[in-house]
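The numbering used here puts the last residue of the sequence shown at 288; the count rises by one with no breaks. Note that CB positions come from ideal geometry on N, CA and C, so glycine has one too. The model shown is predicted, which means the values in this text are computed figures rather than measured ones. In what follows, a single structure is set out as structure tokens and then discussed.
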Amino acid sequence: MCNIKQKSFLAELIVQADLLIWDEAPLNHKHVFEAVDRSFHDIMRHEDKINLTKPFGGKTVLLGGDFRQILPVFPGKGRADIVMASINNLYLWEDCVVFKLDQNMKIEIGAPPVTISGEKISYADWVINVGDGKAQTVSSTDDGDSCWLQIPPEIFLDPKDDGKKVVIDDIYSELCEKGKEPNYFRDRAILTPLNEDVDAINKDVLDRWPGNSKVYFSSDSICKGSVNYESQEIFSSL
């Protein structure tokens, strides 16, 4: 069970909640949902004993996510272990009502088509095919084992000798000429999971920008004094 005490602030918040939204649910081990289910039973039984028989103590829970994306991660474990730990093997799964979204709004807008085996298809369709295991694969050896995904040339950058430079050159092309336009930086970004890579890429891009760079530091707290300042939340929103 979760460490939520009866009559605590969090417990009272759960009691008052009409809807709980759990995003990226497929990333979590099914035991996480079981722990939450037992905790909600313990909290909600004081409201009505019948809640002990209801999923999540009678609370409406919206689980969002895409099984085509990352499932629970277990280093060194096989496919069977991952499947068994997934949410659709949860004892509550039969009580879930599944709604499917069939249009990817984020990539439908402005995403150019891609080329697969000489045929043009929409980027959205290619992403769906990858998730469904229907995308064309190729073999990297002579044994004929086709297990490698073929990346369309429209979204592939040849790293050559310096992969970081190739990416920056492509994303931030014409930086000096168009960098001052209002939408230039709004329409592009480079994502990376490591902070050290973020720092390296930022430094490289700033080095290309004309002029001298300045570093500004912010404070996470307000200095004590006799003057009545605005609340900390207002400063955090600036």
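Residue i: which of the options sits nearest, CA to CA?
i    : options                : result
M51  : R236, H81, G126, I240  : H81
H91  : K104, H79, K264        : K104
A75  : I64, L60, V111, R88    : V111
D254 : K214, A185, F235       : K214
H96  : K55, D249, A174, M134  : K55
F124 : R118, F117, A135, G115 : A135
D145 : K109, D131, R129, G128 : K109
D116 : W72, T242, A130, D219  : W72
V217 : T242, I201, R236       : T242
C226 : W198, G261, L151       : G261
R118 : L244, L151, G128       : L151
A239 : E231, K230, K228, D220 : D220
Note down, in chain order, each residue of its chain lying with its Cβ closer than 6 Å to the Cβ of residue i, except the 5 sequence neighbours on either side.
i    : result
S19  : Because the chain here runs from 51 to 288, residue 19 falls outside it and cannot be looked at.
N64  : Note that residue 64 corresponds to Ile in the displayed sequence, not to Asn. So the qualifying residues of the chain are I93.
S263 : L256
R236 : none
N179 : A185
How would you call residue i, buried or exposed, if buried means at least 16 neighbouring beta carbons within 10 angstroms?
i    : result
P209 : exposed
L113 : buried
D87  : buried
F106 : buried
M94  : buried
N101 : buried
Y222 : buried
N252 : exposed
I137 : buried
W259 : exposed
N78  : buried
W176 : buried
L60  : exposed
S269 : exposed
S89  : buried
Please list, in chain order, all residues of the same chain as residue i whose beta carbon is under 8 Å from its beta carbon, the five residues on each side excluded.
i    : result
L140 : K80, F83, E84
T187 : S196, C197, W198, L199, Q200
Hey, quick one: how far does the alpha helix (DSSP H) through residue i stretch, first residue to last?
i    : result
W176 : 173-181
I221 : 213-221
I251 : 245-258
V65  : 59-66
V111 : Counting along the chain, V111 falls outside any alpha helix (DSSP H), though it belongs to the beta strand (DSSP E) covering 111-113.
I93  : 80-94
L228 : Rather than Leu, the amino acid found at residue 228 in this sequence is Lys. Residues 225-228.
D131 : 129-135
Can you list, in chain order, the residues of its chain with a C-beta nearer than 7 Å to that of residue i? Leave out the 5 residues immediately preceding and following it.
i    : result
L203 : Checking the sequence, you will find Pro at residue 203 rather than Leu. Cβ neighbours of P203 beyond the five flanking positions: T165.
P122 : L77, N78, H79, I132, A135, S136
D247 : none
Could you tell me the boundaries of the beta strand (DSSP E) in which residue i lies?
i    : result
L205 : According to the sequence provided, residue 205 is Ile. The question's Leu does not apply to it. No beta strand (DSSP E) contains I205, which DSSP labels as neither H nor E.
L70  : 70-72
V265 : Segment: none, V265 is in no beta strand (DSSP E) and carries neither H nor E.
I'd like to know if residue i contacts chain D, where contact means its C-beta is closer than 8 Å to some C-beta of that chain.
i    : result
F267 : In summary, chain D is missing from the structure at hand, where a single protein chain is found.
With which residues is residue i paired in a DSSP beta bridge?
i    : result
K184 : Its beta-bridge partners do not exist; DSSP assigns none.
W198 : V188
K170 : T165
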